[in-house]
Every structure is written in C-alpha cells, then in structure tokens.
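Enquirer:
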Amino acid sequence: MSSFNDRSSGPAERITLAGIAAIIVVGVFVVCVVLILAKSLFPSNDSNVTDEVFTGTKGSSSSVAQTVSETSEDSSSEGGKIIDESAASLDSASVSDSSSHDDTSSVVSGEVAYLTQTAYLRSAGDENADPILSIAAGEEVTVIDRPAGSEYVHINYIGYDGYVWYGYLG
C-alpha cells in the first residue's frame with residue numbers, strides 16, 4: 039500500500055539552460071521597454087528640454103510665491119516683485135478673502151480668478167503657443183489684462199505670466 043508520504047517531493051521537471059536564458063532575455067526586454075516609455079512619458083528626464091518648459095508640479099510642502107505688480111509698466115520692465123506668501127501682510131490676506139468665487143466669464147484686470155478645469159499657461163494668446171506649465175483646476179490666478187478681441191486672458195500664476203483661454207476662468 040502506497041501513501042502520499044512515499045512519493046518523491048522533488049520537482050517534476052528540471053530547469054534547463056534554455057529556460058534560464060529565456061528568462062534573462064525577457065527581463066532585459068522589459069527593462070528596455072520601461073526605459074523607452076519613461077523617456078517619452080516624462081520629458082523632465084530628457085536632457086534636451088528647453089528652459090521655458092517647466093515640467094515639475096507644485097508640491098504641498100513648498101511655499102507658494104505670489105507676484106505683485108505695482109503698475110503694468112513696472113511689471114513688464116522688471117518682471118514684477120516676488121513676495122513669499124508666508125511673509126505677506128494681513129492686507130493681502132484680506133484681499134484674497136474678499137475675492138468672490140463666482141462662475142462668471144467677465145474677468146476684470148487685477149481680479150483674482152479660479153480655473154474651472156486644468157489648463158496650460160501659454161507663452162502667447164494663441165492655441166498653438168508653447169505651454170509654460172500646467173495649472174490644476176481650482177487654482178487661484180491673478181488676471182493682468184484681457185486684450186480686446188482675444189479669447190485669451192493674460193494672467194499671473196505663482197510668479198509666471200502667461201495666457202489662458204477665458205473659458206477656463208470662473
């Protein structure tokens with residue numbers, strides 16, 4: 039009478055040299071595919087990205103810089119002054135608290151507006167202009183100018199000036 043314990047507990051098949059070589063070839067192939075996809079999906083890893091394209095995202099632990107322009111002439115010549123939000127006075131806090139969160143498309147110069155969906159901050163008021171960075175939905179932006187006859191609004195977002203389509207502002 040034979041029982042289960044009498045049987046051999048070793049592997050039924052042996053691992054061959056061809057099997058080991060196949061596993062190594064598949065592993066190398068997977069690593070190459072991952073590297074190719076990472077280079078195309080994450081352009082910040084690419085060495086030939088221009089300085090005008092910011093591929094990073096805003097972290098929750100970083101302090102946000104806010105650009106304050108004294109006049110439109112000063113901001114165009116000097117690029118505006120950057121003030122750390124943590125060192126801002128109560129006056130600037132009361133200005134941001136008093137801004138309304140209306141969903142109107144009429145945007146006034148100097149007004150604080152919010153994006154209704156994710157949008158690219160572009161270098162010019164054109165759909166085909168180079169994107170500077172991506173702004174997430176719900177982020178607060180400051181309207182600098184609304185050119186007449188243009189569908190794009192000149193805004194400022196954390197120190198970067200650019201253009202966003204007016205339909206994204208609420």
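For the sequence shown, our numbering assigns the number 39 to the initial residue and increments by one for each residue that follows.
All C-beta atoms in this analysis are idealised placements derived from N, C-alpha and C, irrespective of residue type, glycine included.
All values reported here derive from a predicted model rather than from experimental measurement.
1) Distance, Cα to Cα, Lys77 vs Val71?
2) Is Gly57 helix, strand or coil when you go by DSSP?
3) For the candidate residues Gly208, Thr180, Leu153 and Ile58, whose alpha-carbon lies nearest to that of Gly197?
4) Which of the three DSSP states, helix, strand or coil, is assigned to Gly200?
5) Grouping DSSP H, G and I as helix and E and B as strand, with all else coil, what is Glu189?
6) To the nearest angstrom, how far is the alpha carbon of His192 from that of Glu177?
7) Rounded to a whole number of angstroms, what is the C-alpha to C-alpha distance between Val69 and Arg52?
8) When you compare each of Leu207, Ala56, Leu55 and Ile74 to Glu149 by their alpha carbons, which one comes out closest?
9) Tell me, to the nearest whole angstrom, how far the beta carbon of Tyr201 is from that of Arg160; I am working on the premise that it is less than 8 Å.
10) Which same chain residues, not among the five before or five after Ala157, have their C-beta less than 6 Å away from its C-beta?
11) Could you pull the start and end residues of the beta strand (DSSP E) that Arg52 belongs to?
12) Helix, strand or coil for Asp129, going by three-state DSSP, please let me know.
13) According to DSSP, simplified to helix, strand and coil, what is Ser78?
14) Got a sec, what are the start and stop residues for the beta strand (DSSP E) Arg160 sits in?
Expert: Judging by the given coordinates:
1) 10 Å
2) helix
3) Thr180
4) strand
5) coil
6) 15 Å
7) 27 Å
8) Leu207
9) 5 Å
10) Ile173, Val202 and Tyr206
11) Counting along the chain, Arg52 falls outside any beta strand (DSSP E), and DSSP gives it neither H nor E.
12) Residue confidence is low: Asp129 scores 43 on pLDDT, short of 50, so the model does not pin down where it sits. No coordinate-derived value is stated.
13) helix
14) Ala157 to Arg160
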